[in-house]
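Trainee: Its first residue numbered 811, the sequence shown is counted upward by one per residue in our numbering.
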Amino acid sequence: MRQFHLLALGAAVALVALAGAARAEGDPEKGAKVFNKCKACHEIKEAKNKVGPHLVGIVGRKAGSAEGFNYSDALKKAHDEGLVWNEETLAKYLADPKAFLPGNRMAFAGLKKEDEIEDLIAYLKKEASGS
811 MRQFHLLALG
821 AAVALVALAG
831 AARAEGDPEK
841 GAKVFNKCKA
851 CHEIKEAKNK
861 VGPHLVGIVG
871 RKAGSAEGFN
881 YSDALKKAHD
891 EGLVWNEETL
901 AKYLADPKAF
911 LPGNRMAFAG
921 LKKEDEIEDL
931 IAYLKKEASG
941 S
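(1) Would you tell me roughly how many angstroms separate the C-alpha atoms of Pro907 and Ala884, rounded to the nearest one?
(2) Considering only the alpha carbon of each residue, which of Gly878, Lys872, Val869 and Ile868 lies closest to Val861?
(3) Below 8 Å on the Cβ atoms is my contact criterion, and I expect Leu930 with Val844 to pass it. Report the Cβ-Cβ distance as a whole number of Å.
(4) Have a look at Ala831 and Phe918 and give me their C-alpha separation to the nearest angstrom.
(5) Check this for me: beta carbons of Gly874 and Lys886, under 8 Å apart or not?
(6) With DSSP as the reference, please indicate the residues paired to Val869 in a beta bridge.
(7) Please state whether DSSP places Val844 in a helix, a strand or coil.
(8) Closest by CA to Asp890, which one among Ala901, Lys847 and Lys872?
(9) Got a sec? Which residues, its chain only, sit under 8 Å from Val894 by beta carbon, not counting five neighbours each side?
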């Protein structure tokens, strides 16, 4: 009987882990809606800077590296220190830009819902890569 309970517990843990992994991928279609909060300042379809830098190729790109954009000293320092925008760094930045990178000029306060962050990152990965 004890083995059955351990097996059932193990199966339950595996299902929860799988559900979490599936959620962590985010939904690019929902992310497109979240991006509406960003599009006044950022372009994702073409390498054209607006108030903020373009986001073409942002996932995997070194911070502060969009050609022709005048970055804050904080972003220039992050660039020099080798910060790369990956899923982890983007998630932290999108949740609270000022706390993650004090001194940056982004006026946006951040996304407070984890699923919105995951969905937006999924959208950035899809759209910013051109796939």
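Note that beta-carbon positions come from the ideal geometry of N, C-alpha and C, so glycine has one too.
Mentor: Short version:
(1) In the sequence shown, the residue the question calls residue 907 occupies position 97. In the sequence shown, the residue the question calls residue 884 occupies position 74. Their backbone Cα atoms lie some 11 Å apart in a straight line.
(2) If you number the sequence shown from 1, residue 861 lands on position 51. Closest option to Val861, Cα to Cα, is Gly878.
(3) In the sequence shown, residue 930 corresponds to position 120, counting from 1. In the sequence shown, residue 844 corresponds to position 34, counting from 1. With a Cβ gap of about 4 Å, Leu930 and Val844 count as contacting.
(4) Your numbering for residue 831 matches position 21 in the sequence shown. Your numbering for residue 918 matches position 108 in the sequence shown. Summary for Ala831: the model assigns pLDDT 43, below 50, so the residue's position carries little reliability; its value from the coordinates is reported in the next sentence. If I take the Cα positions, the gap works out to 28 Å.
(5) Here residue 874 refers to the residue found at position 64 of the sequence shown. Here residue 886 refers to the residue found at position 76 of the sequence shown. In this structure, Lys886 lies closer than 8 Å to Gly874 by Cβ.
(6) Position 59 of the sequence shown holds residue 869. Paired residue(s): none; Val869 is not in a bridge.
(7) The sequence position of residue 844 within the sequence shown is 34, counting from 1. Helix, per DSSP.
(8) Numbered from its first residue, the sequence shown carries residue 890 at position 80. Asp890 has its Cα closest to that of Lys872, out of Ala901, Lys847 and Lys872.
(9) Translated into positions along the sequence shown, residue 894 becomes position 84. Result list for Val894: Gly870, Arg871, Lys872 and Ala873, in chain order.
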